[in-house]
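Heads up, the numbering used here is the position in the sequence shown plus 156, with the first residue counted as 1. Glycine included, each C-beta is placed from N, C-alpha and C at the ideal position. One structure is given here, and the rest of the page talks about it.
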Amino acid sequence: MPYHEFKCSECIPERKMHAVVKGPGEDITMALPLGYLNTIPGSISERGCAYCGAKHVIGTPMKDVIHLSHGPVGCTYDTWQTKRYISDNDNFQLKYTYASDVKEKNIVFGAEKMLKQNIIEAFKAFPKIKRMTLYQTCATALIGDDMNAIADEVMEEMPDVDIFVCNSPGFRGPSQSGGHHTINIAWIKDKVGQVEPKITSDYVINYVGEYNIQGDSEVMADYFRRMGIQVLSTFTGNGSYDDLRAMHRAQLNVLECARSAEYICNELRVRYGTPRLDIDGFGFEPLSNSLRKVAMFFGIEDRAQALIDEETARWKPELDWYKERLKGKKVCLWPGGSKLWHWANVIHEEMGVEVISVYTKFGHQGDMEKGISRCEEGALAIDDPNELESVEAMLSLKPDIIFTGKRPGEVAKKIRVPYLNAHAYHNGPWKGYEGWVRFARDIYNAIYSPIHQLSLLDISKDEIPTGNGFVTSGMIANAGLAEEVISAGDLRQYSGKYDCVSDLKNKIYPDFKKVTEE
Numbered sequence: 157m158p159y160h161e162f163k164c165s166e167c168i169p170e171r172k173m174h175a176v177v178k179g180p181g182e183d184i185t186m187a188l189p190l191g192y193l194n195t196i197p198g199s200i201s202e203r204g205c206a207y208c209g210a211k212h213v214i215g216t217p218m219k220d221v222i223h224l225s226h227g228p229v230g231c232t233y234d235t236w237q238t239k240r241y242i243s244d245n246d247n248f249q250l251k252y253t254y255a256s257d258v259k260e261k262n263i264v265f266g267a268e269k270m271l272k273q274n275i276i277e278a279f280k281a282f283p284k285i286k287r288m289t290l291y292q293t294c295a296t297a298l299i300g301d302d303m304n305a306i307a308d309e310v311m312e313e314m315p316d317v318d319i320f321v322c323n324s325p326g327f328r329g330p331s332q333s334g335g336h337h338t339i340n341i342a343w344i345k346d347k348v349g350q351v352e353p354k355i356t357s358d359y360v361i362n363y364v365g366e367y368n369i370q371g372d373s374e375v376m377a378d379y380f381r382r383m384g385i386q387v388l389s390t391f392t393g394n395g396s397y398d399d400l401r402a403m404h405r406a407q408l409n410v411l412e413c414a415r416s417a418e419y420i421c422n423e424l425r426v427r428y429g430t431p432r433l434d435i436d437g438f439g440f441e442p443l444s445n446s447l448r449k450v451a452m453f454f455g456i457e458d459r460a461q462a463l464i465d466e467e468t469a470r471w472k473p474e475l476d477w478y479k480e481r482l483k484g485k486k487v488c489l490w491p492g493g494s495k496l497w498h499w500a501n502v503i504h505e506e507m508g509v510e511v512i513s514v515y516t517k518f519g520h521q522g523d524m525e526k527g528i529s530r531c532e533e534g535a536l537a538i539d540d541p542n543e544l545e546s547v548e549a550m551l552s553l554k555p556d557i558i559f560t561g562k563r564p565g566e567v568a569k570k571i572r573v574p575y576l577n578a579h580a581y582h583n584g585p586w587k588g589y590e591g592w593v594r595f596a597r598d599i600y601n602a603i604y605s606p607i608h609q610l611s612l613l614d615i616s617k618d619e620i621p622t623g624n625g626f627v628t629s630g631m632i633a634n635a636g637l638a639e640e641v642i643s644a645g646d647l648r649q650y651s652g653k654y655d656c657v658s659d660l661k662n663k664i665y666p667d668f669k670k671v672t673e674e
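Quick look at the structure:
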């Protein structure tokens, strides 16, 4: 097995087992790094914790809920508004965050009394909101605060409210994936089956593992509506608390993110006999196949095919336009969990880019297996990389762009590698046919933008008090294209003439080479 050892991690020899280069003719039995293990001491992981996985990933997208964390305010702040989980109730869940704000004295004397006061205060501050989720953190779990007992007391005193308790402190599992599992099981155990829904269609589904990043779930819900399918609940993007208590009445669970939400689908099948069907909303071909599968379950294949034909005819020509200009560009696919394998093959097939590296921070072995099997030979696969390893990989692989989260993305910008936010998107939604074109456009703009080309210049030696001004401003002025480039919005008019970045530099900025050499 061709393990890859990072120079920066030579002092942590165990890390060698967590990075693999996929060699010629190798499959996942020969090119699979270790994964979903506790972070090795000495390696500064960029993972989220189990509390983050429960609250930030799964719970918070629920729209009509007060999400209150029982613990230090830093835990709450770290999981507030870093993803664009929008909702149709004026984004209530994004505007506010709630914490019991535990201090040192509460650790010593307990914080249950304070928690009860905070719950009541929150409901009084927002009288129209009658639902709440309580999240346990490391500090209050260690001192043994009984959040379930407090929640029961409040619900007895305030009969019109309902409270869900998620006991998922940060140390519960090696990464945020442990929190995914905890909140999935707790929800079905404590809340599902408590509400009877209004059924309006002969075809009823739960849309599971979908978090409405910049409107993703609304795109997919529109497709289902056009096929005559009722989406009973969405777990949990733009999802309603009471709708999710009625999940047991769906005929089918349609699962998008298998890493974060397969647990609840499996339990719904055990408890209520509800079948599970895995789909993929990214990419023309995977999405089309997914809609066909859902339609086949209900026997309405003609409706799905009509939708597929309409959307493909409308958007495929534009996707092909971007594919022609992105062909051969090198991508580091570093998104986290299921997008590792949702995207690995389809961005190559439908956008022409070459996947030269994949990684996951919290994915399981199954995620890495599917990702590696779908990427090209020579790709570097990394489990739970730290910041130094990410930088070393970028410097050696020299990607044209990376798809990753905010933290490693900001590091990439420092070494002048463009990045797209794979977790919260740049200009989403990216699901659906139009969304996939929008993703391609974001990639195109990130790679070809003049702003990114200017970032490659080292202006640290420019002399400020000169008659001609900075080299960069003079460079644009000399090219005589400043006004034209600004008015263009993007580089479509240039892309037809100059299909690669080097040509772009030479044509738009003719003295680029001379300036950089000086």
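In the structure shown, the three-state DSSP call for residue 527 is helix.
Boundaries around residue 175 are those of the beta strand (DSSP E), 175–177, since no alpha helix (DSSP H) includes it. Judged by DSSP secondary structure, residue 570 falls outside any beta strand (DSSP E) and instead within the alpha helix (DSSP H) spanning 562–570. In this structure, the beta-carbon distance from residue 483 to residue 556 does not fall below 8 Å. Residue burial annotation: residue 583 is exposed, with fewer than 16 other C-beta atoms found within 10 angstroms of its C-beta. Judged by pairs of C-beta atoms under 8 Å, the stretch 420–432 touches the stretch 400–411, as three or more such pairs exist.
Per DSSP, residue 332 lies in no beta strand (DSSP E) and is assigned neither H nor E. In the DSSP assignment, residue 375 falls within the alpha helix (DSSP H) that extends over 372–382.
Inclusion of residue 213 and residue 416 in the CB contact set at 8 Å is warranted, their separation being smaller than that value. Inter-segment contact for the stretch 468–482 and the stretch 590–597 is present: three or more beta-carbon pairs are separated by less than 8 Å.
Of 393, 588, 452, 507, the smallest CA-CA separation from residue 468 is found for 588.
According to DSSP, residue pairing for residue 386 in a beta bridge involves 360.
Rounded to the nearest angstrom, the gap between the Cα atoms of residue 360 and residue 401 is 15 Å. Judged by DSSP in its simplified three-state form, residue 366 adopts strand. The beta carbons of residue 239 and residue 223 sit no closer together than 8 Å. Per DSSP, the beta bridge partners of residue 391 are 364.
Judged by their CB atoms, residue 558 and residue 488 are nearer to each other than the 8 Å cut-off. For residue 604, the number of other beta carbons within 10 angstroms of its own is at least 16, and it is reported as buried. By the 16-neighbour rule on beta-carbons within 10 angstroms, residue 251 is exposed.
Burial check for residue 233: the Cβ neighbour count within 10 Å stays below 16, so the residue is exposed. Where residue 200 is concerned, there is no enclosing beta strand (DSSP E), because DSSP gives it neither an H nor an E. Burial check for residue 601: the Cβ neighbour count within 10 Å reaches 16 or more, so the residue is buried. The beta-carbon distance between residue 326 and residue 207, rounded to whole angstroms, is 4 Å. This is short enough to meet the 8 Å contact definition. Take residue 172, set aside five residues on each side of it, and the residues of its chain with a beta-carbon closer than 6 Å to its own are 159, 161, in chain order. Shown here, residue 287 sits in a strand according to DSSP, grouped into three states. In this structure, residue 443 sits away from residue 463, with a CB-CB distance that is not shorter than 8 Å. Residue 510 has 486 as its beta-bridge partners, per DSSP. By the Cβ rule, the stretch 324–338 counts as touching the stretch 195–205, because three or more pairs are nearer than 8 Å. In the three-state reduction of the DSSP assignment, residue 407 falls in the coil class, being assigned neither a helical nor a strand state. For residue 200, same chain residues with a beta-carbon under 7 Å away, outside a window of 5 residues either side, are 542, 543 in chain order. With contact defined as three or more Cβ pairs closer than 8 Å, the stretch 367–380 and the stretch 339–351 are not in contact. Contact between the stretch 300–310 and the stretch 252–269 is present: 3 or more CB-CB pairs across the two stretches fall below 8 Å. Assignment of residue 478 by DSSP, reduced to helix, strand and coil, places it in the helix class. Contact annotation, residue 227 with residue 293: C-beta distance approximately 3 Å; criterion of less than 8 Å satisfied. Look at residue 435 here: in three-state DSSP terms it is coil, with no helix or strand label.
Taking each of 479, 526, 256, 337 in turn and checking the Cα distance to residue 500, the smallest one comes out for 526.
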